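Residue numbers (my numbering), protein chains in the order written: chain A, 31 to 195; chain B, 31 to 195. Worksheet: one structure, shown below.
There are 2 protein chains.
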Amino acid sequence: MADPFGIRPGEIAVDLPENFDAGLYYIGRIRTPWKSREECPKNARESDAICTIEVDARWASALQGVETCSHLLVLYWMHEARRDLVLQSPRHYNEQRGSFALRSPVRPNPIAASVVKLLRIEGTKLSVAGLDCLDGTPLLDLKPYFASTDAVPDAVVGWHAEIKR
Amino acid sequence: MADPFGIRPGEIAVDLPENFDAGLYYIGRIRTPWKSREECPKNARESDAICTIEVDARWASALQGVETCSHLLVLYWMHEARRDLVLQSPRHYNEQRGSFALRSPVRPNPIAASVVKLLRIEGTKLSVAGLDCLDGTPLLDLKPYFASTDAVPDAVVGWHAEIKR
């Protein structure tokens, strides 16, 4: 067992803090076609699958007005990810990189942020396009996506741009 | 005391779940010019203040590669916000709306998501533009902003567009 915790060469783990600083409520679940991490698309633009966000009944009223949004920012919890890696060597890249330079689920707080297109709301169920997560993923938050503050079409991730060249 | 908990007419609170489902680590702090909620800009585009993100030493290596990003998605914890409102009547709008249709700090999981322009990194301190939060706000995550998946320039928030007309 040279690799009992799934660390690849060049990856570095740190000791996690002893205590949590704040708590999260799961406010619903995300239903997707993907039952294992291997099945998940590498990113949401690789799939046009329609997924369903199921919001818990407790929060139903919080959806009022969401139907007027063309797009939402969805925050969810990548509950299967380890949290202690600071340097990672993703399989599809050949170099180690810091967790904060990657969109990998592996990070101190495994919160994912995805922009989805809202297709339909029926009660507390939202049909959306633009997710790439496991079926059953816990939902943390839904936010209206404001192009004025959230869209930066000319943003560049330098290390990624170089790979594509 | 007609309004002991700061609820405005038309606002609705629910009972929070009894237990948390997951825990968060504060991974740093955000330094801004604003010491009270009243001083904070209404949104980040109202201010070009340069703020400082201080990442805890434990996570320093996770910043490797971040310097190549023009923009970052910053997740932080709005630690002063109540979490039990489902309908809100923000002071600057005249109508009640669901928490998931608003970017208000008040939501079941008060995680904020802001896109910032990265100006400079020195050690574990990042100078950025585009934040509107309180000085001392706990940091949760930094992510590279990918225009290909994060930028949707034609997204519309219908209720907001109607107000502006």
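Backbone N, C-alpha and C define an ideal beta-carbon position, used for all residues, glycine too. Here the structure is a predicted model, which is why all the values come from computation and not from measurement.
Where residue i falls: helix, strand or coil (DSSP)
| i | result |
| --- | --- |
| residue 172 (chain A) | strand |
| residue 136 (chain A) | coil |
| residue 125 (chain B) | coil |
| residue 64 (chain B) | coil |
| residue 164 (chain B) | coil |
| residue 53 (chain A) | strand |
| residue 101 (chain A) | strand |
| residue 88 (chain A) | helix |
| residue 178 (chain B) | helix |
| residue 158 (chain A) | strand |
| residue 193 (chain B) | helix |
Within 8 Å, strictly: CB atoms of residue i and residue j
| i | j | result |
| --- | --- | --- |
| residue 80 (chain B) | residue 169 (chain B) | no |
| residue 128 (chain A) | residue 136 (chain A) | no |
| residue 172 (chain A) | residue 102 (chain A) | yes |
| residue 154 (chain B) | residue 54 (chain B) | no |
| residue 69 (chain A) | residue 118 (chain A) | no |
Per-residue burial, residue i [other beta carbons within 10 Å of its own, 16 or more giving buried]
| i | result |
| --- | --- |
| residue 124 (chain A) | exposed |
| residue 39 (chain B) | exposed |
| residue 156 (chain B) | buried |
| residue 180 (chain A) | buried |
Cβ-heavy atom distance, residue i to the ligand NAP, below 7 Å
| i | result |
| --- | --- |
| residue 124 (chain B) | This structure lacks the ligand NAP; in fact it carries no ligand of any kind. |
Span separating the alpha-carbon of residue i from that of residue j
| i | j | result |
| --- | --- | --- |
| residue 165 (chain A) | residue 61 (chain A) | 5 Å |
| residue 184 (chain A) | residue 99 (chain A) | 23 Å |
| residue 83 (chain B) | residue 151 (chain B) | 9 Å |
| residue 48 (chain B) | residue 149 (chain B) | 42 Å |
| residue 9 (chain B) | residue 132 (chain B) | Since the displayed chain B opens at 31 and closes at 195, residue 9 (chain B) lies outside it and no answer follows. |
| residue 63 (chain B) | residue 159 (chain B) | 12 Å |
| residue 96 (chain A) | residue 176 (chain B) | 25 Å |
| residue 190 (chain A) | residue 134 (chain A) | 14 Å |
| residue 86 (chain B) | residue 188 (chain B) | 40 Å |
| residue 126 (chain A) | residue 113 (chain A) | 17 Å |
| residue 138 (chain B) | residue 139 (chain A) | 17 Å |
| residue 178 (chain A) | residue 67 (chain A) | 34 Å |
Are there three or more Cβ pairs, one per stretch, closer than 8 Å when the segment 102-112 of chain A is compared with the segment 135-146 of chain A?
In this structure the segment 102-112 of chain A lies against the segment 135-146 of chain A, because at least three pairs of beta carbons, one per stretch, are closer than 8 Å.
Quick one: which residues of the segment 168-183 of chain A get their C-beta closer than 9 Å to a C-beta of chain E? List them in chain order.
Protein chains A and B are contained in the structure displayed, whereas chain E is not.
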